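Accompanying notes for the structure given below.
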Amino acid sequence: MSYLTLKKIGTDEFVEKKSRFIGWAKPVTTEEEALAFLEEVHAKYPDAHHGAYAYSLREGQLRRYSDAGEPQGTAGVPILEVLTKPGIVDAVVVVTRYFGGILLGGGGLIRAYGHGASIAVANAGIATMVPCQTLQLVFDYAMYGKISYLLPDYKIETISSDFGEQVTLVIKMRTERVEAFSKQLSELTAGTLIPKLIKEEYDDME
Numbered sequence: 115m116s117y118l119t120l121k122k123i124g125t126d127e128f129v130e131k132k133s134r135f136i137g138w139a140k141p142v143t144t145e146e147e148a149l150a151f152l153e154e155v156h157a158k159y160p161d162a163h164h165g166a167y168a169y170s171l172r173e174g175q176l177r178r179y180s181d182a183g184e185p186q187g188t189a190g191v192p193i194l195e196v197l198t199k200p201g202i203v204d205a206v207v208v209v210t211r212y213f214g215g216i217l218l219g220g221g222g223l224i225r226a227y228g229h230g231a232s233i234a235v236a237n238a239g240i241a242t243m244v245p246c247q248t249l250q251l252v253f254d255y256a257m258y259g260k261i262s263y264l265l266p267d268y269k270i271e272t273i274s275s276d277f278g279e280q281v282t283l284v285i286k287m288r289t290e291r292v293e294a295f296s297k298q299l300s301e302l303t304a305g306t307l308i309p310k311l312i313k314e315e316y317d318d319m320e
């Protein structure tokens, strides 16, 4: 099963009625990573008036948010919704506010914090993570041409290649394609080449 997360750290900012909103977003996999990033961002803006945040993790389906001194429900919740509505997980978003002297009201704050989160997430980019397998192939040089010709058909990424007594390739591909690839590989090599599984993980492969 696939899931959505962030590609990288992203940041963007805007001004609303003289209040400056700075959004940051980052992919994380643990609560410790999320909290460490929050501390890092808060340290960048020690004189800011507010630093509302939210994070959503796959592990334990954990979700946390904070209004950071803003009226209840006007900051942390709209930030969290930017993650939960599209189903983004393993991500943390923090929106820092420098108050500009003009009150925005409850609705204005909800829109502003939601927008601050949205532009940070947009800058970070969204990745679709799918189950992938890293495999090792060991074969004779005579088979190299046929096998290398086969790899692009399955959108395979070559991790490493070693040309010793035999050719050793370490490749990565979507799990859903492994069965068909292995079958075709077996047909090409008369059943002599069976991929060795190195590891299984999620990745944003095509």
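Residues in the sequence shown are numbered consecutively from 115, following our numbering.
The C-beta atom is built at its ideal place from N, Cα and C for all residues, glycine as well.
All values reported here derive from a predicted model rather than from experimental measurement.
Problem - residue 193 in three-state terms, based on DSSP - result: Sequence index remark: in the sequence shown, residue 193 carries index 79 (1-based). Three-state result, residue 193: helix.
Exercise for the section: Report the residue from 220, 179 and 300 whose alpha carbon sits nearest the alpha carbon of residue 308. Expected result: Along the sequence shown, read from residue 1 onward, the residue named residue 308 stands at position 194. Ranking 220, 179 and 300 by Cα distance to residue 308 puts 300 first.
Practice task
With DSSP collapsed to three states, give me the class of residue 127.
Solution key: Start at 1 with the first residue of the sequence shown, and residue 127 comes out as number 13. It is a strand residue.
Practice task
In the DSSP assignment, find the alpha helix (DSSP H) that holds residue 293 and state where it starts and stops.
Solution key: The count along the sequence shown starts at 1 and reaches residue 293 at position 179. Here the alpha helix (DSSP H) through residue 293 covers 292-302.
Handout entry: Cβ distance (whole Å) where residue 187 is taken to contact residue 180 below 8 Å
Key = Locating residue 187 in the sequence shown gives position 73, counting from the first residue. Locating residue 180 in the sequence shown gives position 66, counting from the first residue. Not a contact, Cβ separation roughly 11 Å.
Handout entry: Assigned exposure category for residue 280 - 16 Cβ within 10 Å defines buried
Key = As a first step, residue 280 is located in the sequence shown; it is residue number 166 there, counting from the start. Classification for residue 280: exposed.
Practice task
State buried or exposed for residue 165, treating a residue as buried only when at least 16 other CB atoms are found within 10 Å of its CB.
Solution key: Position 51 of the sequence shown holds residue 165. It counts as buried.
Exercise for the section: From the DSSP output, in three-state form, read off residue 268 for me. Expected result: The count along the sequence shown starts at 1 and reaches residue 268 at position 154. DSSP places residue 268 in helix when its eight states are reduced to three.
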